[in-house]
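Take a look at the structure set out below.
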Amino acid sequence: MFLIFSGFFLFELAFALTHLFVKSKTCKIDRDSIQIGERSYKPEQIKSIIIEEYYGPHIGIKPKGKLLVPIMNAYRVQNKQEANEAFESLHDWGEKYNVPVLTQKMWML
């Protein structure tokens, strides 16, 4: 039993340490693409854009052919004022390129 708890503790510790040293992702909206971190998506590659506000403002991009939002495509907005501006920009971009922008629970993989 002790080994199970020790293994779980070490896993959580390793997970927390990796998050300390991971560079935060930026989200950039261009005229014809959205870039999250190093990945760039054209409108025809995106199934939907998901906005989740329950656990703090999150934005996720679900590529076509995926059932869940890949964790690499999830972005947390740090500032509430920035979140409102980002959500408005995403809605405008989605309307322009016929990409659905949904406000719902985001399931990540």
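Each residue of the sequence shown is one higher than the one before, starting from 64 at the first, in the numbering used here.
Glycine included, C-beta positions come from ideal geometry on N, C-alpha and C.
Per DSSP, residue i is paired with what?
i    : result
E115 : H121
K91  : Q98
S103 : Q98
P163 : Answer is none; P163 lacks a bridge partner.
V140 : DSSP, once it has assigned bridges, lists no residue as partnering V140.
P126 : I109
Please report the distance separating the alpha-carbon of residue i from that of residue j.
i    : j    : result
D155 : G128 : 24 Å
E107 : F68  : 46 Å
T89  : Y118 : 19 Å
K125 : V140 : 17 Å
F71  : P120 : 29 Å
I99  : L131 : 16 Å
E93  : L73  : Here the sequence assigns Asp to residue 93, which means Glu is not the residue at that position. Approximately 41 Å between the Cα atoms of the pair.
A146 : F65  : 43 Å
R102 : G157 : 18 Å
M178 : N142 : The displayed coordinates of the chain run from 64 to 172. Any statement about residue 178 would go beyond what the structure contains.
Y104 : M169 : 18 Å
A149 : G123 : 12 Å
Y160 : K91  : 16 Å
Determine the DSSP secondary structure at residue i, reduced to helix, strand or coil.
i    : result
K110 : strand
- [ ] Taking 8 Å as the threshold, find out whether the region 109–119 comes into contact with the region 151–168 through three or more Cβ pairs.
- [x] The answer is yes - the region 151–168 touches the region 109–119, with three or more Cβ pairs under 8 Å.
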